[in-house]
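What follows is a set of notes on a single structure, which appears directly below.
Chains as they are written, first to last, in this note's numbering: chain G, 76 to 329; chain D, -5 to 313.
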């Protein structure tokens, strides 16, 4: 366990001591958030709700996917630069480096999510349920984030170099956009809806939304929070169940 | 005699190519062993196998008595690895990097601090210990990387081309650091493309090519096998090439190599200094003008040439 903490610290220091990285990521995230809030948002109508209240859970959940690309790239860089070889030659557990990466990047994305929430409240976002529900929604996104990190760590290991990992990261785009994150699924063509309704991100977004929208949630989403939470949780477990053994096997083999 | 490395018949395939093709290497404790060979000879594959980073397809590999395939954990507790890249974290200071690796080796906080202090001093990095590694020069990074392989006080140090890509001064600094470790009793396995590096650091050299050992011995033994040194000369005029060659052929028994485009002639000789003198005298007598003439150690190409020639000759005699 202490080995995991030591390697986690290293991954975090790399972010903390590269302030340009944090500044750029925050700036980019804020810019896109404001574009959705003030530019696209005006054209999107959600029955009985201001768009910003609909958008925020979706925006934060997709942030998990986009920051995941960074985790894949960082893992591939560690591999490329021999850092993983060094750790593999040390008497520590075979999943240490991978777990450390997943924990560190989850902490970073949670921090980014907290910043987004702050900005969201500043530009008119309101919780319709209790503050506790709001916190639960935030916790859920962080937990799903941790599950998704394993997918990205695995991607980074298999990509082998940073450019390839960046390229493989493109796979997040269909998941981010063909989802309920930015627009209601019902506005999409029928064949797209099939994918959009059942893919993990939509369940994840709607689970968070069901908790932040309070009484509006069921009317808008058609199901109570529990429906989305369980489905999102099943997806999350499935993602970990597939990625983790793949990642550890790849790590062992080198 | 305890062995630090025993490798017998190692085979590692990547698709159709055999990176290791029946490689045998044995290293006694208290030795610096250099694995010498050109790019693609299998040097890195061998080090990675010893470091438990890859599994061989066939053969036996024991490190400090532990079987690498059966008990990689035990092997990891006795080795320290410095690979071809300086695998240090640029966003951490030199000291933080070393303490991290020491803790991962299983040292507690106080022991990690002590060991880090000692290694920093040993490698001459104390002054820069608290600067971020990303501000280090390439040579300093390599030294820090070497330090990272040392903080766990391993019994066997694995160095994969430790000086490749370094400028001459950093190279000499790193050599000095490795020589100090050797003198302090650490077993070292290093790979290199440079004969002078192997010569300077190793007590045992294994020359490998195409995944197998082509020659093994102490630097002196190998040099004796391939002839002591090389006389290399440049002639001023193309027409003199043939005359130079015949003068050399008459006087020496080594094969004379002529490179027309560069007007270069080389010949292996046993007792360099005397033969350099006699060569100069005979060329002078023949009235040949030289651009320059020098006496040097055989380079890797010549070593290979000599050894493969020897292998081919031995094969011919046997047949």
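Glycine included, every Cβ here is placed at the ideal spot set by N, Cα and C.
For residue 78(G), the nearest CB of chain D lies under 9 Å from its own CB, placing it at the interface with that chain. Within chain D, 79, 81, 82, 83 have C-beta atoms less than 9 Å from the C-beta of residue 158(G), given in sequence order. Less than 9 Å separates the beta-carbon of residue 141(G) from that of residue 247(G).
DSSP places residue 291(G) in the helix class (H, G or I) of the three-state scheme. For residue 223(D), there is no enclosing alpha helix (DSSP H); the residue is part of the beta strand (DSSP E) that begins and ends at 223 to 229.
Counting only runs of at least 4 residues, the stretch 78 to 106 of chain D fully encloses the following alpha helix (DSSP H) elements, listed from N- to C-terminal order: 88 to 98. In this structure, the straight-line span from the alpha carbon of residue 218(D) to that of residue 185(D) is close to 22 Å. Looking at 188(D), 54(D), 1(D), 92(D), the one whose alpha-carbon comes closest to that of residue 33(D) is 188(D).
Beta-bridge partners assigned by DSSP to residue 5(D): 15(D), 52(D).
Using a Cβ-Cβ cut-off of 9 Å, residue 70(D) is close to 163, 164, 165, 166, 167 of chain G, given in chain order. Not a single CB atom of chain D sits nearer than 9 Å to the CB of residue 220(G). Here the C-alpha atom of residue 272(D) lies approximately 36 Å from the C-alpha atom of residue 165(D). A straight-line Cα-Cα distance of about 18 Å links residue 14(D) and residue 152(D). Under a 10 Å Cβ-count criterion, residue 131(G) is classified as buried, with 16 or more other Cβ atoms of the shown protein chains found around its own Cβ. Burial check for residue 94(D): the Cβ neighbour count within 10 Å reaches 16 or more, so the residue is buried. Between residue 115(D) and chain G, the shortest Cβ-Cβ separation is not below 9 Å.
Residue state for residue 132(D) is assigned as helix, using DSSP reduced to three classes. With respect to chain G, the C-beta atom of residue 99(D) has a partner C-beta closer than 9 Å. Cβ-Cβ distances below 8 Å link residue 177(G) to 146, 221, 224, 225, 228 in the same chain, with the five nearest sequence neighbours on each side left out; the list follows chain order. About 6 Å separates the beta carbon of residue 53(D) from that of residue 2(D), a gap short enough to meet the 8 Å contact definition. Looking from the CA of residue 206(D), the closest CA among 10(D), 9(D), 27(D), 40(D) belongs to 40(D).
When 89(G), 317(G), 278(G), 187(G) are compared, the shortest CA-CA separation from residue 308(G) is found for 278(G).
At least one C-beta of chain D is nearer than 9 Å to the C-beta of residue 88(G). Closer than 9 Å to the CB of residue 90(D) there is at least one CB belonging to chain G. Look at the stretch 145 to 228 of chain D and you find these whole runs of beta strand (DSSP E), each 3 residues long or longer: 150 to 154, 181 to 186, 198 to 203, 206 to 211. Taking the Cα positions, residue 139(D) is about 28 Å away from residue 183(G). Chain-ordered, the chain G residues with CB closer than 9 Å to the CB of residue 47(D) read 160, 163, 164, 329. Here residue 94(G) is exposed, its C-beta having fewer than 16 other C-beta atoms within 10 Å.
The distance from the Cβ of residue 155(G) to that of residue 81(D) is about 10 Å, inconsistent with a contact at the 8 Å cut-off. Annotated three-state conformation of residue 110(D) is helix, per DSSP.
Put simply, the CB of residue 95(D) is near chain G, with a gap under 9 Å to one of its CB atoms.
The beta-carbon of residue 86(D) is placed less than 9 Å from the nearest beta-carbon of chain G. The beta carbons of residue 296(G) and residue 281(G) sit closer together than 9 Å. Chain G places no beta carbon closer than 9 Å to that of residue 16(D), leaving this residue out of the contacts. Beta-bridge annotation (DSSP): residue 260(D) is paired with 226(D), 251(D).
Residue range 284 to 290 is occupied by the beta strand (DSSP E) that includes residue 286(D).
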